[in-house]
Structures are given as C-alpha cells and as structure tokens.
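Reading the sequence shown from the start, the letters are residues 784 to 1148 in this note's numbering.
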Amino acid sequence: MTTITSYVRYRPDLEQPFPNEEELVQQVVTAMLHANQQVAAKHRHGLRDAHAKSHGVLAGELRVKPSLPKHLAQGLFAAEHTYPVIVRFSTAPGDLRSDQVPVQRGMAIKVIGATGPRAVDDGFTTQDFLLVNHATLPFGTIGEYAKLQRLLESQPRQSDQQLQVAGLGARLAARTLSHLGRPSPPQIETLAAANNHILGETFHSMAALRYGDHVAKLSAAPRSTNVRALTGRPVDKKAGESALRDLVVDFFAHNSAEYELRAQLCTDIDRMPVEDASVLWQEELSPHQVVATLHLPAQDAYSDARRRYADDVLSYNPWHALEAHRPLGSIMRSRRSAYPRSSEFRHTFNGIEQHEPASIDELPA
C-alpha cells in the first residue's frame, strides 16, 4: 500500500514550449514524410512512418478496477467499467524489417466507447494508448527528436544485416558504459534493444499525459502466468523473418493473456518532468499503480482480413484522446501534427479511406 499522497495537480502551465518548437515540428514532419515516401517507393505500398510492421491484432477488453482511490479514479478510469479494445503488437521502424533485427517493440491499445470532452475536437469515441517496451524516449525533447528523425530518414537505405551489426555494436557499447558507470548516449540507447518474446515485454507510454486532475505515465505489464513466463525469452535466431508474428499467432491460437495497465503519477515536476521524455520517473518517487486489466482471449491474431484492416484502415494516434488524458510535452505536441500527416499520406497512397471505429464489431475476424 502506497503512502504517497502529494500528487502534482494538472494545470496547463506545466507545459513550456520548446525554443523554436514550431520550426522543429515542421522539420520532424518533413523528415517523416521523406521516410514515408522512400518506404512507399520501396514496397509500392504506404506504411506507417513508425511501427510499420504488425505481429498481431487482437480484440480484447480493458477492465477498469472497481473502487479505485480518488487519485486513480480519473478520466477513463473514474468508475468500474469494461471497454472493448483493439490491440496491435508491432515493431518500431517505419519499414518491414526482419524480426531478427533487435529493435523496440510496441503495443497500441485502442479503447472503444470512451465518451467525454476530447483533447482534440475530432468527434471520435476512442482513446488510444501507444506504448513501447522502453521506459524512456532517449531523444526526449523536440530538439533531440528532430535529430532522431534525420537518423531514421536514412534507415530505409540500410539492410537488415547493417542494422543487426549496428545493434550488436550498440549493445556492446552500452554494456561497456554501464560497467564504467556512465550513461549511454541516445543513439546507443536507441539501437541497443534486446530481441525477446514480444508478449513477455512491459510496455510504456514513455512520455507523460494528463491523468484527470493529475499527470502520469502509463505502462502495461504481463499479469497472467503464461505471459510472465515469456519475459526475457530470446527469439530463436533460426525462427525466420516473421518470428514474432508466428509466436503471437501460435500463442493466441490456444491461450488467453492478461496485462496490468498501470499509472505512475507525477509527484515532483522537477524530478519527473513532462517536457523531457528521456528522464526516467523513478519508482522511489512514485510507484506504478494498477488501474485496469487488459484481457486478450484466444483468437486468430493475424487473419488476412484483420491484418489488412489494422495495417491499412486503422490509425493509432496519441491525440485520439479524452481531454482527461491529453498528451503532454514537446514530443507529444509534435505528434499532434505529425501523426495526421503520416496517416493522410499512407491512406492517400493506398487509396483507402481513413476510418475510426465506433464498435468492436468493425474489427474483422
């Protein structure tokens, strides 16, 4: 039982615009568009600028816990409720890379039926939570993020083998720096991911968001024994380029899974900043507290119809959000412009109309 009671209250002036922020956001959007164009020309098909490759698309439920204490009973989590969700497991690059390339993995959760005032007046009733299996974003401000986009713009020209070699070098460098007690530079931290079973990972929002009266980061951690057993299990190097998809499909063919959705509330705005997503919010300052259970039943996780719907029709966007869960910080503010532009390019290139679901029944079997 936590003894922390002093949580930072949300107020608009917690956000402080970055110097030259509008110019930097435009640089990010332009770099993302160039990468989109390169990948579309390569595959003759428009892909997401990030998390292009999916490994599983699942229907499930987000079950808000009953009788949460007041500081947790906020926004979407204000009262016990069960929401239908569409969950997409993915890999971070904006290209279709071999699953043997160790890069960051993602879990995107689209909550359906989230009614209330919106962060953006889009007319939707969805709440998207975009999570990655890393607690921080090494390029944690819009200034650093613009540098990252220039780095990512060159990746479509690199082979899988080049990326694997770069990743191996980054992991060796990270271990050496760790032994010396020194932090890893953002470039090394970004490339040094391990290649483990995706279902055993813990996924993080990395950046902050409004949590009703407060400010928080969210995470999803394995809850059921069967997915906890997969944590840290390396991907078989002989399993092929679609190893993660095969692992997800094989698992959900006969098993259900549960994850804990957790909120880590800000208690000190100086040591838990909203404007720099590279700063780890320490557990000693504020523990992760469970607010809901994500339940994913056994199902066909990657049917052709479901894959096409999730990859070509659906859009996940942190600004598909209730005002109570408004994204915070310069990285999130940049995504307010960047995500719609990327989605527009993808849908226009593929000749497919954008659509936001109003019912879980819209997800194909």
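All residues carry an ideal CB built from backbone N, CA and C; glycine is no exception.
By Cβ distance, which residues of its chain are closer than 8 Å to residue i, with the 5 residues on each side in sequence left out?
{"i": "residue 895", "result": "866, 867, 868, 869, 908, 909, 1140, 1141, 1142, 1143"}
{"i": "residue 1133", "result": "828, 829, 1095"}
{"i": "residue 1083", "result": "1032, 1035, 1036, 1089, 1148"}
So, helix, strand or coil for residue i, using DSSP?
{"i": "residue 953", "result": "In this prediction, residue 953 has a pLDDT of 46, which is less than 50 and means its spatial position is unreliable; nothing more can be read from the coordinates."}
{"i": "residue 986", "result": "strand"}
{"i": "residue 812", "result": "helix"}
{"i": "residue 798", "result": "coil"}
{"i": "residue 821", "result": "helix"}
{"i": "residue 960", "result": "Low confidence applies here, because residue 960 scores a pLDDT of 42, under 50, leaving its location unreliable; read the following figure in that light. Looking at residue 960 - three-state DSSP - the assignment turns out to be helix."}
{"i": "residue 948", "result": "Unreliable positioning characterises residue 948 in this predicted model, as indicated by a pLDDT of 46, which lies under 50. The coordinate reading is nonetheless provided below. The answer is helix: DSSP assigns residue 948 an H, G or I state."}
{"i": "residue 1076", "result": "strand"}
{"i": "residue 1018", "result": "coil"}
{"i": "residue 928", "result": "helix"}
{"i": "residue 997", "result": "strand"}
{"i": "residue 829", "result": "coil"}
{"i": "residue 912", "result": "strand"}
{"i": "residue 1043", "result": "strand"}
{"i": "residue 807", "result": "helix"}
Keeping to the same chain, check which residues put their C-beta closer than 6 Å to that of residue i; ignore five residues upstream and five downstream.
{"i": "residue 1007", "result": "1040, 1041"}
{"i": "residue 892", "result": "868, 870, 912"}
{"i": "residue 992", "result": "1108, 1110, 1111"}
{"i": "residue 1073", "result": "1043, 1045"}
Please return the same chain residues whose Cβ sits closer than 7 Å to the Cβ of residue i, not counting the five positions on each side in sequence.
{"i": "residue 1056", "result": "1062"}
{"i": "residue 1149", "result": "Shown here, the chain extends from 784 to 1148; a query on residue 1149 therefore has no answer."}
{"i": "residue 1120", "result": "808, 812"}
{"i": "residue 1050", "result": "787, 789, 790, 791, 1068, 1069"}
{"i": "residue 1038", "result": "1009, 1081"}
{"i": "residue 920", "result": "989, 990, 1060, 1061, 1114"}
Roughly how far, in whole angstroms, is the beta-carbon of residue i from the beta-carbon of residue j, given that I think they are within contact range, below 8 Å?
{"i": "residue 1085", "j": "residue 840", "result": "7 Å"}
{"i": "residue 1002", "j": "residue 1045", "result": "5 Å"}
{"i": "residue 918", "j": "residue 989", "result": "7 Å"}
{"i": "residue 1117", "j": "residue 915", "result": "Incorrect: roughly 16 Å between the Cβ atoms, too far for contact."}
{"i": "residue 816", "j": "residue 1124", "result": "7 Å"}
{"i": "residue 1017", "j": "residue 983", "result": "Wrong, their Cβ atoms sit about 10 Å apart, outside the cutoff."}
{"i": "residue 1059", "j": "residue 924", "result": "5 Å"}
With a threshold of 6 Å (Cβ to nearest heavy atom), would residue i be considered close to the ligand COA?
{"i": "residue 811", "result": "This structure simply doesn't include the ligand COA, nor any ligand for that matter."}
From which residue to which residue does the alpha helix (DSSP H) around residue i run?
{"i": "residue 1140", "result": "Taken as a continuous stretch (DSSP letters only), residue 1140 belongs to no alpha helix (DSSP H), as it is neither H nor E."}
{"i": "residue 880", "result": "Where residue 880 is concerned, there is no enclosing alpha helix (DSSP H), given that its DSSP letter is neither H nor E."}
{"i": "residue 1033", "result": "1026-1035"}
{"i": "residue 1091", "result": "1087-1091"}
{"i": "residue 1008", "result": "1008-1011"}
Considering residue i, what are the terminal residues of the beta strand (DSSP E) in which it resides?
{"i": "residue 994", "result": "992-994"}
{"i": "residue 1115", "result": "Element bounds for residue 1115: not the beta strand (DSSP E) but the alpha helix (DSSP H), 1113-1133."}
{"i": "residue 874", "result": "865-874"}
{"i": "residue 840", "result": "836-847"}
{"i": "residue 891", "result": "888-895"}
Taking 7 Å as the CB-CB cut-off, is residue i touching chain B?
{"i": "residue 870", "result": "Absence of chain B from the displayed structure is noted, only one protein chain being present."}
- Query: Should the segment 814-832 be called in touch with the segment 850-864, which here means at least 3 C-beta pairs below 8 Å?
  - Reply: no
- Inspect the CB distances between the segment 832-841 and the segment 796-808 and report whether three or more fall short of 8 Å. no
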